[in-house]
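J.:
Written out as C-alpha coordinates, the structure is:
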(Lines of atoms letter the chains of each structure in order from A and count residues from 1; the text may use other names and numbers.)
(Lines give C-alpha, C1' and ligand atoms only; values in the text may rest on other atoms or scores of the structure.)
Protein backbone atom coordinates (compact mmCIF):
# COMPACT_ATOMS: atom_id res chain seq x y z
CA UNK A 1 0.00 0.00 0.00
CA UNK A 2 1.36 3.42 -0.97
CA UNK A 3 2.37 5.72 1.89
CA UNK A 4 0.53 9.08 1.64
CA UNK A 5 2.81 12.13 1.70
CA UNK A 6 1.67 15.73 2.11
CA UNK A 7 4.01 17.89 0.02
CA UNK A 8 3.97 21.69 0.10
CA UNK A 9 6.13 23.43 -2.50
CA UNK A 10 6.94 27.02 -1.60
CA UNK A 11 7.82 28.77 -4.86
CA UNK A 12 7.38 31.65 -7.26
CA UNK A 13 6.28 31.41 -10.90
CA UNK A 14 9.32 33.42 -12.01
CA UNK A 15 11.81 31.13 -10.22
CA UNK A 16 13.71 28.91 -12.68
CA UNK A 17 14.97 26.61 -9.94
CA UNK A 18 11.36 26.00 -8.90
CA UNK A 19 10.38 24.38 -12.19
CA UNK A 20 13.72 22.50 -12.28
CA UNK A 21 13.06 21.23 -8.76
CA UNK A 22 9.47 20.27 -9.56
CA UNK A 23 10.48 18.31 -12.66
CA UNK A 24 13.06 16.41 -10.59
CA UNK A 25 10.52 15.81 -7.82
CA UNK A 26 8.01 14.54 -10.38
CA UNK A 27 10.61 12.08 -11.69
CA UNK A 28 11.31 10.90 -8.15
CA UNK A 29 7.59 10.38 -7.49
CA UNK A 30 7.27 8.40 -10.74
CA UNK A 31 10.16 6.20 -9.64
CA UNK A 32 8.43 5.65 -6.29
CA UNK A 33 5.02 4.89 -7.82
CA UNK A 34 3.23 2.32 -5.71
CA UNK A 35 5.42 3.13 -2.71
CA UNK A 36 4.32 6.71 -2.02
CA UNK A 37 1.30 8.79 -3.00
CA UNK A 38 1.85 12.56 -2.95
CA UNK A 39 -0.71 15.28 -2.32
CA UNK A 40 0.99 18.43 -3.65
CA UNK A 41 0.03 21.99 -2.72
CA UNK A 42 1.84 25.06 -4.08
CA UNK A 43 2.51 27.76 -1.51
CA UNK A 44 3.26 31.42 -2.33
CA UNK A 45 6.63 33.12 -2.27
CA UNK A 46 7.47 36.39 -4.03
CA UNK A 47 11.05 36.74 -5.18
CA UNK A 48 10.44 40.43 -5.81
CA UNK A 49 7.44 41.63 -3.78
CA UNK A 50 8.27 45.30 -4.33
CA UNK A 51 8.63 45.05 -8.10
CA UNK A 52 6.74 47.95 -9.78
CA UNK A 53 4.09 47.29 -12.46
CA UNK A 54 6.46 47.94 -15.36
CA UNK A 55 8.91 45.32 -14.08
CA UNK A 56 12.68 45.49 -14.58
CA UNK A 57 15.05 44.26 -17.25
CA UNK A 58 16.23 40.83 -16.13
CA UNK A 59 20.02 41.21 -16.43
CA UNK A 60 19.91 44.61 -14.77
CA UNK A 61 17.82 43.16 -11.96
CA UNK A 62 20.02 40.10 -11.37
CA UNK A 63 23.27 42.05 -11.36
CA UNK A 64 21.84 44.66 -8.96
CA UNK A 65 20.16 42.16 -6.62
CA UNK A 66 23.03 39.69 -6.31
CA UNK A 67 25.99 42.01 -6.91
CA UNK A 68 27.37 39.96 -9.80
CA UNK A 69 28.73 40.95 -13.20
CA UNK A 70 26.89 40.66 -16.50
CA UNK A 71 29.30 37.86 -17.44
CA UNK A 72 28.47 35.95 -14.25
CA UNK A 73 24.78 36.48 -14.94
CA UNK A 74 25.23 35.00 -18.42
CA UNK A 75 27.10 31.99 -17.00
CA UNK A 76 24.37 31.39 -14.41
CA UNK A 77 21.68 31.61 -17.07
CA UNK A 78 23.47 29.06 -19.25
CA UNK A 79 23.84 26.71 -16.27
CA UNK A 80 20.14 27.04 -15.48
CA UNK A 81 19.20 26.36 -19.11
CA UNK A 82 21.32 23.19 -19.06
CA UNK A 83 19.85 22.03 -15.73
CA UNK A 84 16.43 22.58 -17.24
CA UNK A 85 17.28 20.43 -20.25
CA UNK A 86 18.65 17.75 -17.92
CA UNK A 87 15.20 17.38 -16.33
CA UNK A 88 13.30 17.76 -19.60
CA UNK A 89 12.41 21.45 -19.41
CA UNK A 90 13.42 23.91 -22.15
CA UNK A 91 13.44 27.48 -20.88
CA UNK A 92 12.88 28.94 -24.32
CA UNK A 93 14.09 32.47 -24.89
CA UNK A 94 14.01 33.70 -21.31
CA UNK A 95 17.58 34.89 -21.52
CA UNK A 96 16.46 38.48 -21.74
CA UNK A 97 13.12 40.03 -20.98
CA UNK A 98 11.85 41.38 -17.70
CA UNK A 99 11.12 40.44 -14.10
CA UNK A 100 7.58 41.21 -12.96
CA UNK A 101 5.43 41.31 -9.84
CA UNK A 102 3.76 37.91 -9.31
CA UNK A 103 1.28 38.56 -6.48
CA UNK A 104 -1.86 38.27 -8.62
CA UNK A 105 -0.59 34.98 -10.03
CA UNK A 106 -0.38 33.69 -6.45
CA UNK A 107 -3.94 34.80 -5.76
CA UNK A 108 -5.09 32.82 -8.80
CA UNK A 109 -3.11 29.79 -7.65
CA UNK A 110 -4.82 29.94 -4.26
CA UNK A 111 -8.18 30.04 -6.05
CA UNK A 112 -7.18 27.20 -8.40
CA UNK A 113 -6.41 24.94 -5.43
CA UNK A 114 -10.10 25.02 -4.57
CA UNK A 115 -10.89 24.13 -8.18
CA UNK A 116 -8.64 21.07 -8.13
CA UNK A 117 -6.34 22.45 -10.83
CA UNK A 118 -3.58 24.18 -8.93
CA UNK A 119 -0.67 22.17 -10.33
CA UNK A 120 -1.98 22.48 -13.89
CA UNK A 121 -2.19 26.26 -13.50
CA UNK A 122 1.22 26.50 -11.84
CA UNK A 123 2.93 24.59 -14.64
CA UNK A 124 1.14 26.65 -17.27
CA UNK A 125 2.28 29.86 -15.53
CA UNK A 126 5.86 28.61 -15.58
CA UNK A 127 5.49 28.03 -19.33
CA UNK A 128 3.92 31.44 -19.88
CA UNK A 129 6.80 33.17 -18.13
CA UNK A 130 9.78 31.08 -19.19
CA UNK A 131 8.78 29.78 -22.61
CA UNK A 132 6.59 32.60 -23.89
CA UNK A 133 8.32 35.57 -22.19
CA UNK A 134 4.94 36.44 -20.68
CA UNK A 135 4.07 38.93 -17.95
CA UNK A 136 2.51 37.25 -14.87
CA UNK A 137 1.31 40.63 -13.61
CA UNK A 138 -0.82 41.23 -16.72
CA UNK A 139 -4.42 40.19 -16.09
CA UNK A 140 -5.28 39.36 -19.69
CA UNK A 141 -2.25 37.11 -20.00
CA UNK A 142 -3.15 35.42 -16.72
CA UNK A 143 -6.72 34.87 -17.91
CA UNK A 144 -5.50 33.33 -21.15
CA UNK A 145 -3.51 30.80 -19.11
CA UNK A 146 -6.53 30.15 -16.87
CA UNK A 147 -8.64 29.38 -19.93
CA UNK A 148 -5.90 27.17 -21.39
CA UNK A 149 -5.99 24.82 -18.41
CA UNK A 150 -9.78 24.60 -18.39
CA UNK A 151 -10.61 26.88 -15.49
CA UNK A 152 -13.50 29.35 -15.46
CA UNK A 153 -12.21 32.56 -17.02
CA UNK A 154 -15.05 34.72 -15.67
CA UNK A 155 -14.55 33.44 -12.13
CA UNK A 156 -10.82 34.10 -12.43
CA UNK A 157 -11.49 37.62 -13.70
CA UNK A 158 -13.69 38.26 -10.66
CA UNK A 159 -10.79 37.21 -8.43
CA UNK A 160 -8.32 39.48 -10.22
CA UNK A 161 -10.64 42.49 -10.23
CA UNK A 162 -11.20 42.22 -6.47
CA UNK A 163 -8.91 41.78 -3.47
CA UNK A 164 -10.07 38.18 -3.07
CA UNK A 165 -7.45 35.86 -1.50
CA UNK A 166 -5.09 38.77 -0.79
CA UNK A 167 -5.19 38.09 2.95
CA UNK A 168 -4.81 34.33 2.51
CA UNK A 169 -1.75 34.69 0.27
CA UNK A 170 -0.14 37.26 2.57
CA UNK A 171 -0.73 35.04 5.61
CA UNK A 172 0.78 32.01 3.88
CA UNK A 173 3.83 34.01 2.84
CA UNK A 174 4.34 35.31 6.37
CA UNK A 175 3.92 31.81 7.82
CA UNK A 176 6.67 30.29 5.70
CA UNK A 177 8.98 33.27 6.16
CA UNK A 178 8.45 33.09 9.93
CA UNK A 179 9.46 29.43 9.75
CA UNK A 180 12.76 30.27 8.07
CA UNK A 181 11.97 29.95 4.38
CA UNK A 182 14.03 32.65 2.66
CA UNK A 183 14.76 31.02 -0.69
CA UNK A 184 12.86 28.78 -3.08
CA UNK A 185 11.99 26.15 -4.02
CA UNK A 186 11.37 24.76 -0.54
CA UNK A 187 9.74 21.34 -0.55
CA UNK A 188 8.14 20.53 2.80
CA UNK A 189 7.00 16.96 3.43
CA UNK A 190 4.36 16.25 6.09
CA UNK A 191 4.87 19.74 7.58
CA UNK A 192 8.28 18.81 9.04
CA UNK A 193 10.83 17.56 6.49
CA UNK A 194 12.47 20.29 4.38
CA UNK A 195 14.21 19.67 1.06
CA UNK A 196 15.71 22.95 -0.15
CA UNK A 197 16.55 24.00 -3.69
CA UNK A 198 16.26 22.49 -7.14
CA UNK A 199 17.76 19.15 -6.15
CA UNK A 200 18.41 16.26 -8.56
CA UNK A 201 15.73 13.56 -8.80
CA UNK A 202 17.93 11.08 -6.92
CA UNK A 203 18.05 13.37 -3.88
CA UNK A 204 14.26 13.72 -3.81
CA UNK A 205 13.80 9.99 -4.34
CA UNK A 206 16.14 9.05 -1.49
CA UNK A 207 14.57 11.57 0.90
CA UNK A 208 10.97 10.59 0.12
CA UNK A 209 11.74 6.88 0.33
CA UNK A 210 13.37 7.39 3.74
CA UNK A 211 10.42 9.45 5.02
CA UNK A 212 7.97 6.79 3.79
CA UNK A 213 10.05 4.04 5.44
CA UNK A 214 10.05 5.87 8.77
CA UNK A 215 6.29 6.40 8.54
CA UNK A 216 5.72 2.71 7.80
CA UNK A 217 7.96 1.61 10.65
CA UNK A 218 6.14 3.98 12.98
CA UNK A 219 2.78 2.58 11.95
CA UNK A 220 4.03 -1.00 12.45
CA UNK A 221 5.37 -0.14 15.88
CA UNK A 222 1.96 1.19 16.93
CA UNK A 223 0.09 -1.83 15.55
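In the numbering used here, the protein residues as written are 686 to 908. Beta carbons are placed, not taken as given, at the ideal position from N, Cα and C, and that holds for glycine.
From which residue to which residue does the beta strand (DSSP E) around residue 724 run?
T.: 721 to 729
J.: With DSSP as the reference, label residue 836 as helix, strand or coil.
T.: coil
J.: Touch check for the segment 765 to 780 and the segment 829 to 849: three-plus C-beta pairs under 8 Å?
T.: no
J.: I think residue 786 touches residue 822, with their Cβ atoms under 8 Å apart; what is that distance to the nearest whole Å?
T.: 5 Å
J.: Is residue 897 helix, strand or coil when you go by DSSP?
T.: helix
J.: Would you say the segment 705 to 722 touches the segment 885 to 903, given that touching needs at least three Cβ pairs under 8 Å?
T.: yes
J.: Can residue 871 and residue 695 be called in contact, C-beta distance under 7 Å?
T.: yes
J.: Return the CA-CA distance between residue 796 and residue 693, expressed in angstroms with no decimal places.
T.: 16 Å
J.: Where are the beta strand (DSSP E) runs, 3 residues long or more, that stay fully inside the segment 838 to 889, in chain order?
T.: 871 to 874 and 878 to 881
J.: Which residues does DSSP pair with residue 798 in a beta bridge?
T.: In the DSSP output, where bridge partners are listed per residue, residue 798 has none listed.
J.: List the residues that DSSP assigns as beta-bridge partners of residue 695.
T.: 728 and 871
J.: Just checking residue 711 against the ligand SAM - is the residue's beta carbon closer than 6 Å to any of the ligand's heavy atoms?
T.: The ligand SAM is absent from the structure shown, which contains no ligand whatsoever.
J.: What first and last residue would you give for the alpha helix (DSSP H) that runs through residue 716?
T.: 701 to 716
J.: Near residue 746, which residues of its chain fall below 7 Å by C-beta distance, leaving aside the five closest residues on each side in sequence?
T.: Closer than 7 Å at the Cβ level, and outside the excluded window around residue 746, lie 784.
J.: Give me, in chain order, the residues of the same chain whose beta-carbon lies closer than 7 Å to that of residue 827; leave out the 5 immediate sequence neighbours on both sides.
T.: 789, 790, 793, 821 and 845
J.: On the CB-based measure, 16 or more other CB atoms within 10 Å of its CB, does residue 809 come out buried or exposed?
T.: Residue 809 comes out buried.
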